[in-house]
Amino acid sequence: ESLRKRGHDVTTGSMMIDVIPASRDIATDLFIPEGTPVARIQRLQLADGRPVTLMENYIEYAKVPGIEHHSGHFVENYNLFIDSTKDKISAKSADFLEARVLDVEPKTALLVIRRISYYKDTPVSIDHVRIIGSQYEAEISGKGRSK
């Protein structure tokens, strides 16, 4: 979204969807038992044809049966609603594999966003996003002060 707002053509370069057992962390965040099948959607996002973002999304498979057979705009095929999110934002240096996929030098600054999306306080998905730091821009506004 940030790149689109700045006039870039954003597309998906490569994508793979598979079904894996939920790790302890994924299960905890999705409020499901460890080992429950989850859909893992891995994709490379491009801006103007150049890699900028690695994304991994995790959704309980029971909510998206057969998703591994879809490509493109698959979310519309499921009744997934989101009314709130919680983000954890950090920075890291690109490791060798991330650097190769993103076509940058190892140790390039990456912004890492771990988002949990909710509907009526129930987790819907977990998103793990790694963005080339120089390609990200966010605008945050607030009002008042929290106590």
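In terms of this note's numbering, the sequence shown opens at residue 873 and continues consecutively.
Positions of the beta carbon are idealized from the N, C-alpha and C atoms, including for glycine.
Only a predicted model underlies this, so the values are computations on that prediction, with no experimental measurement involved.
Asked	Found
CB contact flag (Val-984, Arg-972, <8 Å)	no
Reference Leu-926, options Tyr-933, Ser-956 and Ile-913, closest by Cα	Ile-913
Own chain partners of Lys-979 with C-beta closer than 8 Å, once the 5 adjacent residues on each side are dropped	Ser-965, Ala-966 and Ala-971
Of the residues Ile-961, Ser-886 and Arg-876, the one placed nearest Arg-915, counting alpha carbons only	Ser-886
Nearest residue (CA-CA) to Ala-911, options Ile-898, Ala-981 and Arg-922	Ile-898
Distance CB(Ser-997)-CB(Tyr-930) smaller than 8 Å	yes
Burial state of Pro-995, where buried means 16 or more other Cβ atoms lie within 10 Å	buried
Best match in Thr-908, Gln-1007 and Val-976 for proximity to Arg-878 [C-alpha to C-alpha]	Gln-1007
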